[in-house]
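Under numbering that gives the first Met the number 0, the first residue of the sequence shown is numbered 0, with each subsequent residue one higher. Everything below concerns the one structure shown next.
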Amino acid sequence: MFVDKNSIAIVQIITQYDEVWCLIRIAAGEMNSILTGFDFVAEWSKNHGAIGMCICGRKGWKRVLQNRGFNEICINNSNKNNEKAGLHLLGKYYGISTKDDDPNHNDRTVGRG
Numbered sequence: 000m001f002v003d004k005n006s007i008a009i010v011q012i013i014t015q016y017d018e019v020w021c022l023i024r025i026a027a028g029e030m031n032s033i034l035t036g037f038d039f040v041a042e043w044s045k046n047h048g049a050i051g052m053c054i055c056g057r058k059g060w061k062r063v064l065q066n067r068g069f070n071e072i073c074i075n076n077s078n079k080n081n082e083k084a085g086l087h088l089l090g091k092y093y094g095i096s097t098k099d100d101d102p103n104h105n106d107r108t109v110g111r112g
């Protein structure tokens with residue numbers, strides 16, 4: 000949880016398919032404070048090996064975060080009309096990889112025998 004006097008955010012480091020992400024579960028408060036907090040959380044999550052940040056929220060977040068490098072990510076949802084569902088998954092890659100740079104090293108088999 001990250002808090003300042005004007006906003007709060009609940010964040011989590013998650014691992015999905017061998018990739019580490021920062022998931023912002025909820026953010027509330029003054030918009031400028033929230034956006035400044037995103038920058039802080041990005042640095043914090045990079046230090047924990049995250050390759051990007053994602054947030055699940057209403058349609059308005061799509062407009063607000065578009066200028067900050069966030070894009071809509073495909074949602075695997077039984078409701079084919081995500082606009083109607085009112086839920087958007089937005090993500091931003093940091094442009095870094097936690098994978099080994101050695102082309103002769105198969106990262107997928109590390110620790111598997």
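Ideal Cβ placement from N, Cα and C applies to all residues, glycine included. All values derive from a computational prediction rather than experimental measurement.
Strand pairing of residue i, partner residues [DSSP]
i: Asn70; result: Gly90
i: Phe39; result: DSSP output for Phe39 lists no bridge partner at all.
i: Met52; result: Cys21, Lys91
i: Gln15; result: Glu18
i: Ile7; result: Val2, Ala27
Contact set for residue i: own chain, Cβ-Cβ below 8 Å, skip 5 residues either direction
i: Cys53; result: Trp20, Cys21, Leu22, Ile23, Ile72, Leu88, Leu89, Gly90, Lys91
i: Gly112; result: Bear in mind that the predicted position of Gly112 carries a pLDDT of just 34, short of 50, making it too unreliable to give a figure here.
Test item: CB-CB of residue i and residue j under 8 Å
i: Ile25; j: Ile12; result: no
i: Gly51; j: Phe1; result: no
Close Cβ partners of residue i (< 7 Å) along its chain, the five nearest in sequence each way excluded
i: Asn5; result: Gly28, Glu29, Ser32
i: Ser44; result: Ile12, Cys21, Met52
Own chain partners of residue i with C-beta closer than 6 Å, once the 5 adjacent residues on each side are dropped
i: Leu64; result: Leu89
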